[in-house]
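To convert, take the position in the sequence shown, counting from 1, and add 1369; that gives the numbering used here. Ideal Cβ positions, reconstructed from N, Cα and C, are used throughout, including at glycine.
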Amino acid sequence: MVEQNNIKVESDRSYVDWAAILAGSVISAGIVVVFTTFAAGLGLGSITAEDGGDISTTWLIITALFAVISMVASYMLGGYITGRMRRPVGNATRDETTIRDGLNGLAVWGIGILISGFFRCKCYHWWGKSC
1370 MVEQNNIKVE SDRSYVDWAA ILAGSVISAG IVVVFTTFAA GLGLGSITAE
1420 DGGDISTTWL IITALFAVIS MVASYMLGGY ITGRMRRPVG NATRDETTIR
1470 DGLNGLAVWG IGILISGFFR CKCYHWWGKS C
């Protein structure tokens, strides 16, 4: 027989679960870094705005699509992880639970973008360029 564990639930907590949000944001920002490194390995990062740095329109579109799709996929995964890690709510209805999950996922997108921007600025700083 499977034993049921009773999880203590509190109904007076905040709508946001910061531990789950930060974990999802860090994971999603890390996945963005991995995808960006993968794209650079494929040669998708070899775009320059200087003279003589020609690139075909096709490769420019492929690079832009890869960047957008990888960021969306990364933040979707971070939002999913946050939803799975969120602590249960008391006697909340299904609608209230859905709203709480949505707010936590939206916070993952915002914080994840800030973390990714921080990584970008730090990388440029280390390479001698300004943000």
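Quick one: what does DSSP say residue i is sitting in, helix, strand or coil?
i: residue 1458; result: strand
i: residue 1413; result: coil
i: residue 1470; result: helix
i: residue 1441; result: helix
i: residue 1386; result: coil
i: residue 1485; result: helix
i: residue 1394; result: helix
Under the assumption that residue i contacts residue j (Cβ atoms under 8 angstroms), give the Cβ distance between them as a whole number of angstroms.
i: residue 1477; j: residue 1459; result: That belief does not hold up - the Cβ atoms of residue 1477 and residue 1459 are roughly 23 angstroms apart, past 8 angstroms.
i: residue 1392; j: residue 1435; result: Actually they do not touch by this definition, with Cβ atoms about 26 angstroms apart.
i: residue 1398; j: residue 1481; result: 5 angstroms
i: residue 1401; j: residue 1443; result: 5 angstroms
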